[in-house]
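Residue numbers (the numbering used here): 15 to 263.
For every residue, glycine included, the Cβ atom is placed at its ideal position computed from N, Cα and C.
The structure presented is a predicted model; accordingly, all values stated were derived computationally and were not measured.
Each remark here refers to the structure printed beneath this line.
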Ligand code: AP5
């Protein structure tokens, strides 16, 4: 996470942002797809360390809004926070308005790692239009795949840093000191939407709304399927191997 400024992502295009150094000498523009808890956020952090591009997570954006004074939230953001707590998708209009306010992140010379966006067909089509307008193209869409019952186990043990959003697991990726982030010393918390009943809603929503994007990107020739079983480092190596088609990563 170090060097991941992301001010532009959290505060919008008016924020002065320090573009990341392209760790691999080129700007990667990637979308990470996959069911809730499959490990997209974990891979995005690891890919950021290897490739330099910033992790742009719409879930992190909505969680940041939840931490604000409710009186300061616009009605659309307040509705978004309520949807998230129920495990439902935030309406496309709200998500797309937020993305449009963050256009600079899409044209960033450091590239980007989109984590959790797009999540519906209209969002994917809107992203295509935005990227075409910025004259940039996706390099690949990474689809992380694993049986749903194994994913649910991962969600139960997840802990997230209140400050830098780094992700841990109490068994498979514990912090050095329980409850404390290795990277910034922030306090770790368990997400509200990791309760079993909310996880069920999120999985159902994923199957209905997001899984069809796999076909969408396959038809565009961008899809790379990644087996998400194994340690985070093993999954990272698989990802880098898939991305490595003669270019230095
Ligand atoms: P979001 O934050 O995007 O959540 P999600 O898609 O449900 O994905 P998660 O963050 O739960 O999981 P992940 O795949 O990143 O897994 P992680 O790396 O943490 O969205 C939250 C909500 O916001 C949505 O439900 C929706 O309401 C709303 N929203 C967001 N974007 C939206 C959009 N575009 N449109 C509409 N609504 C939107 O890993 C999980 C755990 O497993 C961790 O503990 C981790 O340490 C562990 N782990 C990871 N990899 C491994 C491994 N290889 N081996 C063992 N353990 C591992």
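field: Continuous alpha helix (DSSP H) stretch holding residue 58: start and end
entry: The residue labelled residue 58 in the question sits at position 44 within the chain shown. For residue 58, the enclosing alpha helix (DSSP H) begins and ends at 54-65.
- request: Taking all protein chains shown into account, decide if residue 147 is buried (16 or more other Cβ within 10 angstroms of its Cβ) or exposed.
  value: Stepping through the chain shown from its first residue, residue 147 is reached at position 133. Exposure of residue 147 is indicated by the presence of fewer than 16 other C-beta atoms within 10 angstroms of its C-beta.
message: Spatial neighbours of residue 80 within its chain, please: C-beta separation below 6 Å, excluding the five flanking residues on both sides.
response: Along the chain shown, read from residue 1 onward, the residue named residue 80 stands at position 66. Close CB contacts of residue 80 within its chain, under the 6 Å cut and outside five residues either way in sequence, are with 95 (chain order).
query: Considering only residues of the same chain and omitting the five flanking positions on each side of residue 109, which have a CB-CB separation below 7 Å?
result: Position 95 of the chain shown, counted from the start, is the residue given in the question as residue 109. Excluding residues within five positions, the ones whose Cβ falls inside 7 Å are 72, 131 and 137.
- request: Determine the closest residue to residue 188 out of 139, 246 and 220, with distance taken between C-alpha atoms.
  value: One-based indexing of the chain shown puts residue 188 at position 174. The shortest C-alpha to C-alpha distance from residue 188 to any of 139, 246 and 220 is the one to 246.
query: Comparing alpha-carbon positions, which option in 168, 153 and 198 lies nearest residue 256?
result: Sequence index remark: in the chain shown, residue 256 carries index 242 (1-based). Distance check between residue 256 and each of 168, 153 and 198 places 153 closest, using alpha-carbon atoms only.
- prompt: Mind checking residue 69: buried by the 16 CB within 10 Å criterion, or exposed?
  reply: Position 55 of the chain shown holds residue 69. With 16 or more Cβ atoms within 10 Å of its Cβ, residue 69 is classed as buried.
task: Report yes or no: do three or more beta-carbon pairs, one from the stretch 240-254 and one from the stretch 150-164, lie closer than 8 Å?
output: Segments in contact, yes.
message: Here's the rule: buried if 16 or more other CB atoms are within 10 angstroms of the residue's CB, otherwise exposed. What is residue 62?
response: Here residue 62 corresponds to residue number 48 of the chain shown, with the count starting at 1. Looking at its Cβ environment, which holds 16 or more other Cβ atoms inside 10 Å, residue 62 is buried.
Beta-carbon contacts of residue 101 that lie in its chain and below 6 Å, excluding the five residues immediately before and after: On the chain shown, residue 101 is found 87 positions in, with the first residue counted as 1. Listed in chain order, the non-local C-beta contacts of residue 101 below 6 Å within the same chain comprise 207, 212, 215 and 216, local neighbours out to five positions each way being set aside.
query: Fully enclosed by the stretch 160-191, which beta strand (DSSP E) runs are 3 residues long or longer?
result: Entirely contained in the stretch 160-191, the beta strand (DSSP E) runs reaching 3 residues are, in chain order, 172-175 and 181-183.
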